[in-house]
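To start, the structure itself, in structure tokens.
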DNA sequence: TACGTTTCCGAAAACCTTTAAGTCCAGGAG
DNA sequence: CTCCTGGACTTAAAGGTTTTCGGAAACGTA
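In structure tokens:
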């Protein structure tokens, strides 16, 4: 460990000026002769002076720090959002204070207080699912932005993926590929994501005047469920030519089971997944056409919006961010692959 | 946004005492009459007073904040370590300042300076691989602990998974199951993880006086490589009865290709993976026996060690943390599953 | 009464920086 | 010569808290 850290008064006395002059020189302000500024800068470099952000924050009232509150950071979805936010902040001089409430409301309140006591300039709350969640607290002295999981309170600012639009886009792609007997396997219906994606499916089907093949099958978001659902579906609706799956895990399971049952993908049945979780979507055979929610961008956008809210005006409400369809082999026209 | 935040002097005047007395009452110190303490506490509650951590840190010289510097947070390995560290810190009153250098040394130095200027009490550096990395900086005024990726400088404190020991444990398990023709498929040899795991394999084999079946096959850490290696291996060494894979991705690829070639797992060939990446290890059929590096615990331990280093003495050097073998169906004795 | 002890509380310094206000001086205008 | 202007620099206050030390009151003892 190095010896005591240099303060601005050390710099000032080494340069032979007052503290105020040193401060002005270091901050590039007027009223300092060029020669004097040089001396101060040289002194600062020699002492490897780093201004104390605490003292600075105490005066300015701005810490240039934001809190990032996650409910379940182990989840696959929180992480990219977090990364995107960190990215946007890191570009400036902002720092991110990370807290994980692990789904516990008490702990969340505790963290909010701790962050407030550290005088963060703003808060980003990233949810573990797209289900609306309780507002973190009314009347906080700093702006709050919700990412991935929106706030229940429409007066708050939330950024969520446009699941309905993305699902419709995915299904339109299947229709454009000439598929007409489209089935749907997805996750538990208490997930808004599952309901939204189904809504998107219905939307695209009704636009085209096509009926859904069989009932929507709901189960866990797992590969195992994808396999199981595949067996049920191929029994009940043997003539399907496409499946829209609510997640890549489900899709990977479906593909595997379908192949074992002698159905070729994509020749007999085209498959679309969701999430673009690359370890699954690019490693299955064939690689999966899937929806990429672009979560890093969502996180970045949320962070940029927090900036705006910090020094100015926010635009409340739920902002739906467009997703992207990544087209791979699992939806190629028959005979191509 | 709420109105101006209450300060301790607001609390003091509401309670009708001096600032000093208010401070003592709030911090549970002696020399305050019980009744007075009550009044102060009540006033603080009424104003929902939160002490300003900046002012407090300015005096005490302790911010109760640590910096978490990651080189590649998108990686699967950094995240659990980060979570474990956050966990250990969150238990106390510590907060974590997260920075992602994205593998760029310049950016890393920039972040170190920013963190130092914020007066963090310590630093955790989490690597993206177990390859030793340059020390973040000499003579920092705060303690530094490296997690997952150790520092090149043996005077630093590093915590890494015991890959050699874990690999040996995995291979001993195969031997205990009666397997004698054991092959090895792993990742690129410029990864220390790949070299260490191979070393563990050799160790366990030579203990038992058993020769490795064929050469070690090195390739990318991917499922695709696992499939490809399986084809080569089953051609070159058709009589193998077990494979130790350097990662679950490789193992999943191997299992898939082996089954397509008509080899039953585990009856004909037992398979062990590495990482316990659950989306792969529990969803393959059969579920994979694999090594769990227990990265969250590693992160927690690193954090706890940082505590120790902050207020006392550190024990320099590379600390190897034991891993755990998770036994599943892919190594069951023939005839069981 | 004088004095010592205990108990409770307040004044003020300290932490480090920024900034508003003030000082000093040279030089130009009248 | 006086007055004014502007540049270059310094002084001092402010920001919120903790902590040391001194003071005051209350009480007991001689």
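Protein chains in written order, with the numbering used here: chain A, 149 to 485; chain B, 149 to 485.
Ideal placement from N, C-alpha and C gives every residue a C-beta, glycine not left out.
By the DSSP assignment, the beta strand (DSSP E) with residue 306/B in it spans what residues? Annotation: the continuous beta strand (DSSP E) that includes residue 306/B extends over 305-309.
Determine, for residue 471/B, whether the minimum Cβ-Cβ distance to residues of chain A falls below 8 Å. At a cut-off of 8 Å between C-beta atoms, residue 471/B does not count as an interface residue with respect to chain A.
Would residue 332/A pass as a contact of residue 351/A if the rule is Cβ separation under 8 Å? Taking 8 Å as the Cβ cut-off, residue 332/A and residue 351/A do not qualify as a contacting pair.
My output table needs one value for residue 255/A: the three-state DSSP class, helix, strand or coil. Helix at residue 255/A.
Quick one: what's got a C-beta closer than 8 Å to residue 149/A's C-beta in the same chain, skipping five residues either side? Below a pLDDT of 50, predicted positions are generally treated as unreliable, and residue 149/A, at 41, falls in that range; no measurement from the model is reported.
is_contact[residue 460/B, chain A] using C-beta, thresh 8 Å: Chain A has no Cβ within less than 8 Å of the Cβ of residue 460/B.
When you compare the CB of residue 257/B with every CB in chain A, is at least one pair closer than 8 Å? Judged by the 8 Å Cβ criterion, residue 257/B is not in contact with chain A.
Going along chain B in order, which residues have a C-beta closer than 7 Å to the C-beta of residue 452/A? Neighbours of residue 452/A across chain B, judged by C-beta separation under 7 Å, do not exist; the nearest C-beta is about 17 Å away.
Just mark residue 344/A as buried or exposed, buried being the case when its beta carbon has 16 or more other beta carbons within 10 Å. Looking at its Cβ environment, which holds 16 or more other Cβ atoms inside 10 Å, residue 344/A is buried.
By how many angstroms is the C-alpha of residue 379/B removed from the C-alpha of residue 406/B? C-alpha separation (whole angstroms): 8 Å.
Examine chain A for any beta-carbon lying closer than 8 Å to the beta-carbon of residue 238/B, and answer yes or no. Yes, residue 238/B counts as interfacial toward chain A.
For residue 395/B, the residue or residues it bridges with in DSSP: Beta-bridge pairing links residue 395/B to no other residue.
Of the choices 234/B, 217/B, 321/B and 365/B, whose alpha-carbon is the least far from that of residue 238/A? That would be 217/B, whose Cα lies nearest to the Cα of residue 238/A.
Element boundaries [beta strand (DSSP E), containing residue 248/B]: Secondary structure note for residue 248/B: its beta strand (DSSP E) is the uninterrupted segment 243-248.
How many angstroms separate the CA atom of residue 447/B from the CA atom of residue 228/A? Going by C-alpha positions, residue 447/B is about 20 Å away from residue 228/A.
Where residue 175/A falls, given that 16 or more other Cβ within 10 Å makes a residue buried: Burial state of residue 175/A is exposed, judged by a 10 Å Cβ sphere holding fewer than 16 other Cβ atoms.
Would you mind sorting residue 272/A into buried or exposed? The rule is 16 or more other CB atoms within 10 Å of its CB. Buried: at least 16 other Cβ atoms inside 10 Å.
Which residue comes first and which comes last in the beta strand (DSSP E) that contains residue 220/A? Looking at the DSSP string, residue 220/A is not in any beta strand (DSSP E), and its letter there is neither H nor E.
Less than 8 Å between the beta carbons of residue 283/B and residue 300/B, yes or no? Taking 8 Å as the Cβ cut-off, residue 283/B and residue 300/B qualify as a contacting pair.
Continuous alpha helix (DSSP H) stretch holding residue 468/A: start and end: Careful: residue 468/A lies outside any alpha helix (DSSP H), inside the beta strand (DSSP E) at 465-469.
Please identify, using Cβ separations under 8 Å, the residues of the stretch 168-202 of chain A that lie next to chain B, in order along the chain. Taking 8 Å as the Cβ-Cβ cut-off against chain B, the residues of the stretch 168-202 of chain A that qualify are 198, 199, 200, 201 and 202.
Need the endpoints of the beta strand (DSSP E) that residue 473/B sits in, please. From DSSP, the beta strand (DSSP E) with residue 473/B extends over 472-474.
Cβ neighbours of residue 478/A in the same chain (closer than 6 Å, five flanking residues each side left out): Hits under 6 Å: 413, 414, 419, 434, 436 and 437.
Cutoff 8 Å: residue 271/A Cβ touching any chain B Cβ: It does not; no Cβ of chain B falls within 8 Å.
To the nearest angstrom, how far is it from the Cα of residue 422/A to the Cα of residue 374/A? Each residue's alpha carbon lies about 13 Å from the other.
The ligand NAP and residue 335/B: does any heavy atom of the ligand fall closer than 7 Å to the residue's C-beta? Ligands are entirely absent from the displayed structure, and the ligand NAP is therefore not among its contents.
Using only the alpha-carbon positions, how far apart do residue 323/A and residue 235/A sit? About 37 Å.
With 16 other CB atoms within 10 Å as the buried threshold, where does residue 179/B fall? It counts as exposed.
Taking the straight line between their C-alpha atoms, what separation do you get for residue 158/B and residue 200/B? Whole-angstrom Cα-Cα distance: 13 Å.
Proximal residues to residue 464/B (C-beta, below 8 Å), its chain only, five neighbours per side dropped: Counting only Cβ-Cβ distances below 8 Å, and skipping sequence neighbours, we find 302, 303, 304 and 305.
Beta-carbon of residue 210/B versus every beta-carbon of chain A: anything under 8 Å? No - not a single Cβ of chain A is within 8 Å of the one on residue 210/B.
In this structure, what does DSSP give as the bridge partners for residue 332/A? DSSP lists 392/A as partners of residue 332/A.
Cβ-based contacts, 8 Å cut-off: residues of the stretch 275-290 of chain A near chain B: The residues in question are 287, 288, 289 and 290.
From what residue to what residue does the alpha helix (DSSP H) around residue 207/B run? Unbroken alpha helix (DSSP H) run through residue 207/B: 201-208.
Residues of chain B with CB under 7 Å from residue 254/A, in chain order? Those within 7 Å of residue 254/A in chain B number zero; the least Cβ separation is about 13 Å.
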